[in-house]
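Each residue of the sequence shown is one higher than the last, beginning at 42 in the numbering used here.
Every residue gets a Cβ at the ideal spot worked out from N, C-alpha and C, and that includes glycine.
Structure, as structure tokens:
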Amino acid sequence: NGTIVTIPVNQLSTTAGITTTTTIMVSNAPNNFKMNLSYNNVVPNQHHKSNTNEITPILATFNPESVTGSNASVFSVMPRRDLTTGNYPITVSITYLNNGHESTTTMDPLNISVTTNTSPQLGTINLTPENITVGTEESKNIILSLNNSINITNLNVTISSTDSSIASVTPNSCNLSTESPNCKLSVTGVNVESTSIIASAANYQSATTMVNVKNVYAYVTNTNSNTISMFRLNSTTGQLIPLSPESSIPTLGSPFALSIDPSGKHLYATITGDIESNVVSMFNIDPKTGLLTPLAPQSIPYVGTFALNMLINPLSGFLYLNTMSGALSMFSSGSATGILSPLSPPSINTAEFCIGLVLSPNSKFMYNSCVFGGIVGYKVESNGLVEISSALEPQTLLSGANINQSGSILYTLDIQNNKILMFAIDPESGGLTQLNTQIDMNTQSTPVSIILNKTNNVAYVTNLDSSSISIYSIENESGVLVPFSPESTVATGNGPWDISFDPSEKFAYVTNSYDGTLSAYMVNQITGKLIPLTESSIPTGVEPHAIVFN
């Protein structure tokens, strides 16, 4: 239609990162003739430091992008800041309607001659990660980095802790550059509290990592020492470090089972022996030191004798403990003071010599696995327990028990025949149906405790009289236990009783009741294999039984 579109130059010269402009001239266009402008400049990657095969080296804009009639458009181009000296062609396309159909005309390439920009670009300083948790006397690494900089040769960054009595950091300064943009820092916990690590440099916005100094503590009942041992976990090495100034606290009698309330502020220990000592001892846990101090009153009686196991419902705060004499005592631990209060009624009758007490993951059902009387199941109601009519009584002697994370299978240990029994759990009633599969433990004898890892792919069983842990892979759909390969047992100390993971499940610990030690293992996070730690035997008091972590 006679319209003429012209770019008055065939080359623009500029420096990388600097905008330059020219004008796209339009003449002889009808007043209502409309054109849309676009550009393309994807070229092979040969001039700058990108790992991609192609780049768009020039960023461009039209003002306006749509031209009507013989109006002009200002064409602005800005080479990428990281371009090196070279020529970068860019083509302009014009899209318009021709007899009712869209047509496109491409103009001859416009060459953009770019010179390397040698002036510095500051970029930003960053600390990663933004939040860490570290224990006292433990260290974790964080990374100081200089990002998106150009031609920075020597940037001095100062690093400090807002409170070095809580956490310290080393080194206290780093020299960064565009070519060497990273520096590894080590943060060490000093006291339990929160603080910040701050990195600062002239002309830069400061970077911050929040540090939460927090410890994991372990507690062990020493039944024949009348004490509870107290440890701090090194979450990096798995080492259990006795607390200071006191590594144990005396109890009112022989402690056996342990439990910690959902708040993590109070610990409870069953005291066993003669009638006068059948009480639950109550302790406060110091959040900064982990040390235990007795509450006032220090204890509360339970019904029955010799409490072998205990658990707390995390939803209701109710504490349940079973006894050798066949009573299941019930308490409320919901008070902020940690003082237990008996429920009404304070106990119900159950089978005798119950070792395994386990709560379903949804807290709807509870099961008591007993040496005499089989398995007794309960529906957990807001005001107490209702016995499940379909509870089973296998003709054998049972010990420990556990439930998978889906709440579909109950595993119990046959202490008489050295087998593992499996029961399907009805999700509505809680009733049990024994499955045909029974896992024979071969040469291992007297299984007493069983735990499952969170991913439900490995189970671990302590064998009291074999001084070992049996390890099983769990088949995903059936839940059947298959002996672990290549080695299905791991040695422990003498008389292993309880087994527990630390909260991260990176480590596992076993109480050896016959020799007064703990056995410590690293858990392979892929296979579940147990690997003894370098310092794998940890002294306790005499006859340790229960171990819990907080």
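Residue range of the unbroken beta strand (DSSP E) whose run includes residue 382: One-based indexing of the sequence shown puts residue 382 at position 341. Residues 382-390.
Output the distance between the C-alpha atoms of residue 149 and residue 49, rounded to the nearest integer angstrom. As a first step, residue 149 is located in the sequence shown; it is residue number 108 there, counting from the start. As a first step, residue 49 is located in the sequence shown; it is residue number 8 there, counting from the start. If I take the Cα positions, the gap works out to 12 Å.
Is residue 473 near the ligand GTP, with its Cβ less than 8 Å from a heavy atom? For the structure depicted, the ligand GTP is absent and the ligand set is empty, with no information on it obtainable.
Here's a check: name, in chain order, each residue in its chain whose Cβ is nearer than 8 Å to the Cβ of residue 110, leaving out the five neighbours to either side. The sequence position of residue 110 within the sequence shown is 69, counting from 1. Closer than 8 Å at Cβ, skipping near neighbours: 67, 70, 71, 72, 73, 74.
Expected contact under 8 Å - CB spacing of residue 19 and residue 271 to nearest Å: Look at the range of the chain in this structure, 42 to 591, and you will see that residue 19 is not part of it.
Simplified DSSP assignment, three categories, for residue 560: By one-based count along the sequence shown, residue 560 stands at place 519. In the structure shown, residue 560 sits in a strand (DSSP, three-state: E or B).
With three or more beta-carbon pairs closer than 8 Å as the criterion, would you say the region 224-231 touches the region 147-161? The region 224-231 is not in contact with the region 147-161.
Can you give me the Cβ contacts of residue 458 inside the same chain, cut-off strictly under 7 Å, excluding the 5 residues immediately before and after it? Translated into positions along the sequence shown, residue 458 becomes position 417. By the criterion of a C-beta distance shorter than 7 Å, residue 458 is surrounded in its chain by 437, once the five residues flanking it on both sides are discounted.
Which residues does DSSP pair with residue 376 in a beta bridge? Within the sequence shown, residue 376 is the residue found at index 335, counting from 1. Per DSSP, none; premise fails for residue 376.
Buried or exposed: which applies to residue 415, given that a residue is buried once 16 or more other Cβ atoms fall within 10 Å of its Cβ? Against the sequence shown, residue 415 aligns to sequence position 374. Under the 10 Å beta carbon count, residue 415 is surrounded by 16 or more other beta carbons and is classified as buried.
Whole-angstrom distance between residue 402 and residue 307, CA atom to CA atom: Counting from one through the sequence shown, the residue named residue 307 turns up at place 266. Counting from one through the sequence shown, the residue named residue 402 turns up at place 361. Taking the straight line from one Cα to the other gives about 22 Å.
Can you give me the Cβ contacts of residue 593 inside the same chain, cut-off strictly under 7 Å, excluding the 5 residues immediately before and after it? Since the first residue of the chain shown is 42 and the last is 591, residue 593 is not available in this structure.
Status (buried if at least 16 other CB within 10 Å, exposed otherwise) for residue 413: Here residue 413 corresponds to residue number 372 of the sequence shown, with the count starting at 1. Residue 413 comes out exposed.
Backbone secondary structure at residue 447 - three-state DSSP: In the sequence shown, counting from the first residue as 1, residue 447 sits at position 406. It is coil, neither helix nor strand.
Is residue 318 helix, strand or coil by DSSP? Numbered from 1 along the sequence shown, position 277 holds the residue referred to as residue 318. Of the three classes helix, strand and coil, the one that applies to residue 318 here is helix, per DSSP.
Beta strand (DSSP E) segment containing residue 299, residue limits: Walking along the sequence shown from the start, residue 299 turns up at place 258. Unbroken beta strand (DSSP E) run through residue 299: 295-301.
Buried/exposed call for residue 221, threshold 16 Cβ in 10 Å: Taking the sequence shown and counting its residues from 1, one reaches residue 221 at position 180. It counts as exposed.
Where residue 58 and residue 199 are concerned, what is the direct C-alpha to C-alpha distance, given to the nearest angstrom? Residue mapping note: residue 58 aligns to position 17 of the sequence shown, counting from 1. Residue mapping note: residue 199 aligns to position 158 of the sequence shown, counting from 1. Taking the straight line from one Cα to the other gives about 30 Å.
Rounded to the nearest angstrom, how far is the Cβ of residue 350 from that of residue 298, given a contact under 8 Å? Taking the sequence shown and counting its residues from 1, one reaches residue 350 at position 309. Taking the sequence shown and counting its residues from 1, one reaches residue 298 at position 257. Residue 350 to residue 298, Cβ: 5 Å. Contact.
Can you give me the start and stop residues for the beta strand (DSSP E) that residue 225 sits inside? Along the sequence shown, read from residue 1 onward, the residue named residue 225 stands at position 184. Unbroken beta strand (DSSP E) run through residue 225: 223-230.
Looking only at C-alpha atoms, which of 366, 47, 193, 544 sits nearest to residue 244? Position 203 of the sequence shown, counting from 1, holds the residue named residue 244. Looking at the Cα atoms, 193 is the closest of the given residues.
Through-space distance from residue 420 to residue 405, alpha-carbon basis: The residue you call residue 405 lines up with position 364 of the sequence shown. The residue you call residue 420 lines up with position 379 of the sequence shown. As the crow flies, the alpha-carbon of residue 405 is around 6 Å from that of residue 420.
Measure from the alpha carbon of residue 521 to the alpha carbon of each residue in 504, 493, 534, 260, then state which is nearest. Residue numbering aside, residue 521 sits at position 480 when the sequence shown is read from its first letter. Answer by Cα proximity: 493.
Selected residue, minimal CA-CA separation from residue 411, among 305, 127, 348: In the sequence shown, counting from the first residue as 1, residue 411 sits at position 370. Nearest C-alpha to residue 411: 348.
Do residue 373 and residue 384 have their C-beta atoms closer together than 9 Å? As a working mapping, residue 373 is identified with position 332 in the sequence shown. As a working mapping, residue 384 is identified with position 343 in the sequence shown. Closer than 9 Å, so yes.
Which of the three DSSP states is assigned to residue 359 in this structure? As a working mapping, residue 359 is identified with position 318 in the sequence shown. Three-state result, residue 359: strand.
Indicate whether the contact test is met: 3 or more Cβ pairs, each with one atom in the region 163-182 and one in the region 140-148, closer than 8 Å. Touching, no.
From the DSSP output, in three-state form, read off residue 88 for me. Residue numbering aside, residue 88 sits at position 47 when the sequence shown is read from its first letter. Any reading at residue 88 needs caution, since the residue's pLDDT is 44, under 50, leaving its predicted position unreliable; the model's value is listed next. Residue state, collapsed to three classes: coil.
I think residue 334 touches residue 324, with their Cβ atoms under 8 Å apart; what is that distance to the nearest whole Å? For the purposes of this step, residue 334 is identified with residue 293 of the sequence shown, where counting begins at 1. For the purposes of this step, residue 324 is identified with residue 283 of the sequence shown, where counting begins at 1. Beta-carbon to beta-carbon, residue 334 and residue 324 are separated by about 6 Å, close enough to satisfy the 8 Å threshold.
Please report the residue range of the beta strand (DSSP E) in which residue 461 lies. As a working note, residue 461 is residue 420 in the sequence shown. Its beta strand (DSSP E) spans residues 460-466.
Taking only beta-carbon atoms, is residue 292 less than 9 Å away from chain B? No chain B appears in the structure shown, which is made up of a single protein chain.
Where do the ends of the beta strand (DSSP E) carrying residue 505 lie? Here residue 505 refers to the residue found at position 464 when the sequence shown is read from its first residue. Run containing residue 505: none; DSSP gives neither H nor E here.
Using C-beta distances below 6 Å, list every residue in its chain close to residue 498, excluding the 5 sequence neighbours before and after it, in chain order. For this step, residue 498 is matched to residue 457 along the sequence shown. Answer for residue 498: 515, listed in chain order.
Endpoints, the beta strand (DSSP E) within which residue 539 is located: The count along the sequence shown starts at 1 and reaches residue 539 at position 498. Residue range 537-542 is occupied by the beta strand (DSSP E) that includes residue 539.
From the DSSP output, read off the bridge partner residues of residue 52. Translated into positions along the sequence shown, residue 52 becomes position 11. Beta-bridge pairing links residue 52 to 152.
Just curious, the beta strand (DSSP E) that residue 524 is in, first and last residue? By 1-based counting over the sequence shown, the position of residue 524 is 483. Its beta strand (DSSP E) spans residues 522-524.
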